[in-house]
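K.L.:
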């Protein structure tokens, strides 16, 4: 239970840091904070302690590929923000992320079925 508390505390600290940075002169740094590997560290620790190091390498490789849906999301936010308001931009960009993430999962399961 204590480890769950610390994990939620890390998430809360990240949100607080994003909120503080978004109000500062360096507001753009708020876009870097979500990329701090807080949850990746937790996932890699859990996979590394509960599974093999080969499984940890597969998890890291999949994590690299998972940057593609995130990049698609960021590109969509950038492009859509010229055409739509905030809510529509974020909604549509999230849909883009979801479609790209689903495509990634389908491709991964087909190409790396021996791993999954």
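Residue numbers (my numbering): 758 to 873.
C-beta: ideal position from N, C-alpha, C; glycine also.
So, with DSSP's three-state summary, where would you put residue 762?
P.N.:
Position 5 of the chain shown, counted from the first residue, corresponds to residue 762. In the structure shown, residue 762 sits in a helix (DSSP, three-state: H, G or I).
K.L.:
Just curious, the alpha helix (DSSP H) that residue 829 is in, first and last residue?
P.N.:
Here residue 829 is taken as the residue at index 72 of the chain shown, counted from 1. Note, residue 829: alpha helix (DSSP H), 824-837.
K.L.:
Apart from the five residues just before and just after residue 833, which ones in its own chain have a Cβ nearer than 6 Å to its Cβ?
P.N.:
Position 76 of the chain shown, counted from the first residue, corresponds to residue 833. Closer than 6 Å at Cβ, skipping near neighbours: 850, 853.
K.L.:
Helix, strand or coil for residue 796, going by three-state DSSP, please let me know.
P.N.:
For the purposes of this step, residue 796 is identified with residue 39 of the chain shown, where counting begins at 1. Helix.
K.L.:
Distance, Cα to Cα, residue 823 vs residue 782?
P.N.:
Here residue 823 refers to the residue found at position 66 of the chain shown. Here residue 782 refers to the residue found at position 25 of the chain shown. For residue 823 and residue 782, the distance between alpha carbons rounds to 30 Å.
K.L.:
Expressed to the nearest angstrom, what Euclidean distance is found between the alpha-carbon atoms of residue 804 and residue 796?
P.N.:
The residue given as residue 804 occupies position 47 in the chain shown. The residue given as residue 796 occupies position 39 in the chain shown. Residue 804 and residue 796: Cα-Cα distance of roughly 12 Å.
K.L.:
Specify, as a first and last residue, the run of the alpha helix (DSSP H) that residue 848 falls within.
P.N.:
Taking the chain shown and counting its residues from 1, the one referred to as residue 848 is at position 91. Note, residue 848: alpha helix (DSSP H), 843-868.
K.L.:
So what does DSSP say about residue 789, is it helix, strand or coil?
P.N.:
As a first step, residue 789 must be located in the chain shown, where it is residue number 32. Here residue 789 sits in coil by DSSP.
K.L.:
Between residue 830 and the rest of its own chain, which residues show a CB-CB distance below 8 Å, the 5 nearest in sequence each way excluded?
P.N.:
Within the chain shown, numbered from 1, the residue matching residue 830 stands at position 73. Cβ neighbours of residue 830 beyond the five flanking positions: 850, 851, 853, 854, 857.
K.L.:
Compute the Euclidean distance between the alpha carbons of residue 790 and residue 821, then round it to the nearest angstrom.
P.N.:
Here residue 790 refers to the residue found at position 33 of the chain shown. Here residue 821 refers to the residue found at position 64 of the chain shown. Cα-Cα distance, rounded: 18 Å.
K.L.:
So is residue 826 buried or exposed if we call it buried at 16+ other beta carbons inside 10 Å?
P.N.:
If you number the chain shown from 1, residue 826 lands on position 69. With 16 or more Cβ atoms within 10 Å of its Cβ, residue 826 is classed as buried.
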